[in-house]
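See structure below.
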Amino acid sequence: MKGATTNICYNVLDRIVHEKKLGDKIAFYWEGNEPEETTQITYHELLVQVCQFSNVLRKQGIQKGDRVAIYMPMIPKLVVAMLACARLGALHSIVFAGFSAESLCERILDASCSLLITADAFYRGEKLVKLKELADEALEKCREKGFPVRCCIVVKHLRRSELGTGDSLSQSPPIKRPCPDVQISWNEGVDLWWHELTHEAEDECEPEWCDAEDPLFILYTSGSTGKPKASGVVHTVGGYMLYVATTFKYVFDFHAEDVFWCTADIGWITGHSYVTYGPMANGATSVLFEGIPTYPDVSRMWSIVDKYKVTKFYTAPTAIRLLMKFGDKPVTKHSRASLQVLGTVGEPINPEAWLWYHQVVGAQRCPIVDTFWQTETGGHMLTPLPGATPMKPGSATFPFFGVAPAILNESGEELEGEAEGYLVFKQPWPGIMRTIYGNHERFETTYFKKFPGYYVTGDGCRRDQDGYYWITGRIDDMLNVSGHLLSTAEVESALVEHKAIAEAAVVSHPHPVKGECLYCFVTLCDGYTFSSTLTEELKKQIREKIGPIATPDYIQNAPGLPKTRSGKIMRRVLRKIAQNDHDLGDISTVADPSVISQLFSHRCLTVQ
15 MKGATTNICY
25 NVLDRIVHEK
35 KLGDKIAFYW
45 EGNEPEETTQ
55 ITYHELLVQV
65 CQFSNVLRKQ
75 GIQKGDRVAI
85 YMPMIPKLVV
95 AMLACARLGA
105 LHSIVFAGFS
115 AESLCERILD
125 ASCSLLITAD
135 AFYRGEKLVK
145 LKELADEALE
155 KCREKGFPVR
165 CCIVVKHLRR
175 SELGTGDSLS
185 QSPPIKRPCP
195 DVQISWNEGV
205 DLWWHELTHE
215 AEDECEPEWC
225 DAEDPLFILY
235 TSGSTGKPKA
245 SGVVHTVGGY
255 MLYVATTFKY
265 VFDFHAEDVF
275 WCTADIGWIT
285 GHSYVTYGPM
295 ANGATSVLFE
305 GIPTYPDVSR
315 MWSIVDKYKV
325 TKFYTAPTAI
335 RLLMKFGDKP
345 VTKHSRASLQ
355 VLGTVGEPIN
365 PEAWLWYHQV
375 VGAQRCPIVD
385 TFWQTETGGH
395 MLTPLPGATP
405 MKPGSATFPF
415 FGVAPAILNE
425 SGEELEGEAE
435 GYLVFKQPWP
445 GIMRTIYGNH
455 ERFETTYFKK
465 FPGYYVTGDG
475 CRRDQDGYYW
485 ITGRIDDMLN
495 VSGHLLSTAE
505 VESALVEHKA
515 IAEAAVVSHP
525 HPVKGECLYC
535 FVTLCDGYTF
545 SSTLTEELKK
555 QIREKIGPIA
565 TPDYIQNAPG
575 LPKTRSGKIM
585 RRVLRKIAQN
595 DHDLGDISTV
605 ADPSVISQLF
615 SHRCLTVQ
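Start counting the sequence shown at 15; every next residue gets the next number (the numbering used here).
This is the structure:
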């Protein structure tokens with residue numbers, strides 16, 4: 015698409031407002047952590063706010079090609095911030111607000127972000143997240159490493175009722191619990207309040223016209239290196255815009271009167287593609303949800319569906335399995351009559367959860383689009399089309415338009431008919447990532463070296479006799495926990511930073527709600543004893559280094575680890591041990607087979 019000129023912010027706002035004449039249409043219903051906290055914002059109002067904040071960023075020196083880090087809760091100003099960056103041709107790098115200060119620091123450093131946008135604090139269910147405190151800690155770490163971020167713009171979100179600026183969110187009912195007196199440390203010369211900067215900003219801002227192949231954003235995955243460096247996925251303006259707009263339209267059978275709700279956080283690719291850019295490119299009305307599915311009770315999701323008359327609903331198998339635990343009544347006590355299409359994303363869905371989703375949530379009348387795709391693909395790759403594709407519980411069915419999948423064996427040969435092996439794609443598509451930020455060589459090695467001429471997903475796949483595709487899970491060194499990809503190296507690196515740990519290995523373990531959880535094997539340094547205190551210290555360290563999503567369910571004392579004679583840890587064997595499966599297959603390459611029986615005898619029998 016090189017040589018074409020466009021701007022994605024113009025396409026999702028100006029075009030919708032001025033050409034489509036949809037300025038008065040609601041872009042987002044915002045549902046806060048508390049059910050009473052609600053507001054809505056139209057496309058015209060959003061355009062004004064984006065232009066104002068674009069002018070703020072421009073005044074702070076942000077220009078085309080600069081990188082801006084965003085570390086915010088699920089509030090409308092998060093959408094404003096990312097679109098303002100896109101309007102100026104600056105790359106946004108959004109960091110999930112559940113990540114630790116260290117994770118934020120590493121992402122700021124890798125992208126050389128000159129500015130950070132964050133908020134004072136927010137509630138996630140009962141939990142108070144002191145976001146500014148975490149941001150301060152991250153910025154201090156950046157300074158210690160020789161990279162001082164010159165500006166931090168802060169949204170007064172938790173105490174927004176103090177603003178009195180006419181901001182629609184400031185008029186929201188206060189949270190039910192007393193607003194805590196969160197002490198905000200202020201760094202003069204660096205910290206600036208969002209509301210003060212935008213108060214007198216002009217509400218018109220000409221977009222920066224970009225080449226279609228200019229970068230739009232960086233979004234970090236957990237790379238196999240164990241650090242965000244060399245894992246910053248770069249998507250470009252034109253191809254990504256075309257792909258998310260098209261997949262949204264057809265996969266969700268979009269119609270103008272729809273109310274769409276994707277429950278993903280914008281900190282993940284699903285939120286980028288199907289909370290913000292895809293729906294907005296189609297002029298859709300969406301729900302933006304700050305809370306969690308179980309607060310203040312387990313029927314929250316379905317009360318929101320009824321409140322806003324949601325027609326298309328898109329969530330993760332983890333959430334489905336979580337709510338399934340509580341039975342049918344929390345679902346069936348709500349009407350859900352508005353629902354027309356249900357979707358799943360993030361990980362393979364087990365048939366039991368699929369059937370419950372279809373029969374109970376969808377009352378057996380809503381087709382389910384079980385979508386397979388990745389941060390790297392930008393949008394849907396394998397998916398049913400609602401009403402057109404006969405469904406099979408747990409199958410991602412067939413490729414989207416123009417997508418050419420193949421299944422390869424270990425030798426790189428394409429398998430025909432019924433087969434199981436490596437899932438690859440044979441030809442490019444508009445939404446494919448263009449590079450890894452700052453490391454194009456790594457991009458080529460990770461995705462194209464193993465099987466030259468193919469894009470390698472890192473996932474296993476089975477094709478049945480009817481040609482349906484079934485994702486069987488990761489076959490590289492990645493772990494899929496509640497739909498979030500984590501690298502084994504990243505978790506292992508956090509474990510061995512503890513003074514008591516000499517070596518660590520991490521594998522996935524089946525979990526009834528999360529799909530997979532982390533099972534860690536740790537070898538102690540001389541002089542240390544394995545104890546419950548140590549396991550708690552290790553969990554705390556992982557939370558601090560990576561974030562709560564990486565907290566392991568099991569940590570096992572491992573006097574030794576099964577290795578090949580070349581020293582490679584045999585994770586295949588460790589997965590079998592974690593599941594107490596003695597059918598180990600060929601273990602002739604294990605250097606010390608006695609280690610295996612020791613590990614079976616030390617197995618964790620219960621969640622710690």
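The beta-carbon is built from N, C-alpha and C at its ideal position, and this holds for glycine as well. Everything numeric in this text was worked out from a predicted model, so none of it was measured.
It is roughly 14 Å from the alpha-carbon of Thr235 to the alpha-carbon of His286. For Ile591, there is no enclosing beta strand (DSSP E); the residue is found in the alpha helix (DSSP H) stretching over Arg585 to Ala592. Inter-segment contact for the region 417-425 and the region 521-540 is absent: fewer than three beta-carbon pairs are separated by less than 8 Å. Under the three-state reduction of DSSP, Asp279 is assigned to coil, being neither helix nor strand.
Counting along the chain, Phe262 sits inside no beta strand (DSSP E); it lies in the alpha helix (DSSP H) bounded by residues Val251 to Val265. With 16 or more other Cβ atoms inside 10 Å of its own Cβ, Ser128 counts as buried. Separation of the CB atoms of Ser300 and Val289 is rounded to 6 Å, and the pair is thereby assigned contact status at 8 Å. In this structure the region 536-551 does not touch the region 98-107; the number of beta carbon pairs closer than 8 Å is below three. Looking at the backbone, the Cα of His269 and that of Leu71 are separated by about 35 Å. The distance from the Cβ of Gly393 to that of Thr212 is about 32 Å, inconsistent with a contact at the 8 Å cut-off. Across the set Gln479, Glu202 and Gly281, the C-alpha of Gln479 shows the shortest separation from the C-alpha of Gly431. Under the three-state reduction of DSSP output, Lys159 falls in the coil class, being neither helix nor strand.
In this structure, the CA atom of Tyr483 is about 13 Å from the CA atom of Trp387. Here Ala518 is bridged, per DSSP, to Val536. At least 9 Å separates the beta-carbon of Ile84 from that of Ile55. Cβ neighbours of Ile198 within its own chain (closer than 6 Å, five residues either side excluded): Asp134 and Lys146.
Annotation: the continuous alpha helix (DSSP H) that includes Trp370 extends over Pro365 to Trp370.
Excluding residues up to 5 positions away in sequence, Pro576, Lys577, Thr578, Met584, Val587 and Ile610 lie with their Cβ nearer than 8 Å to the Cβ of Val604 in the same chain. Note on Asn423: under 16 other CB atoms within 10 angstroms of its CB, so exposed under the neighbour-count rule.
According to the DSSP assignment, Phe614 belongs to the alpha helix (DSSP H) that extends over Ser608 to Ser615.
Taking C-beta atoms as the reference points, Val196 and Lys144 count as a pair closer than 9 Å.
Each residue's CA atom was taken as its position, placing Val324 and Asn494 some 28 Å apart. Residue state for Pro562 is assigned as helix, using DSSP reduced to three classes. Below 8 Å, enough C-beta pairs join the region 370-381 and the region 341-359 to call them touching: three or more.
For the 9 Å CB-CB criterion, Thr277 and Met338 do not form a contact. Linking Phe535 to Glu506 through their CA atoms gives a straight-line distance of about 9 Å.
A straight-line Cα-Cα distance of about 25 Å links Asp473 and Gly452. Of the candidates Glu271, Pro365 and Ala295, Glu271 places its Cα closest to the Cα of Tyr322.
Contact fails between the region 221-230 and the region 371-385, because fewer than three Cβ pairs, one in each stretch, are under 8 Å apart. Boundaries of the alpha helix (DSSP H) harbouring Phe67: Tyr57 to Lys73, taken from the DSSP string. Note on geometry: alpha-carbon atoms of Gly252 and Thr20 lie some 7 Å from one another. Residue state for Arg29 is assigned as helix, using DSSP reduced to three classes.
The C-beta of Ala402 has fewer than 16 other C-beta atoms within 10 Å across all chains shown, which makes the residue exposed. The Cβ atoms of Tyr257 and Trp443 sit closer than 9 Å to each other. For Val505, the enclosing alpha helix (DSSP H) starts and ends at Thr502 to Val510. A residue is called buried once 16 or more other Cβ atoms fall within 10 Å of its Cβ, and Val621, having fewer, is exposed.
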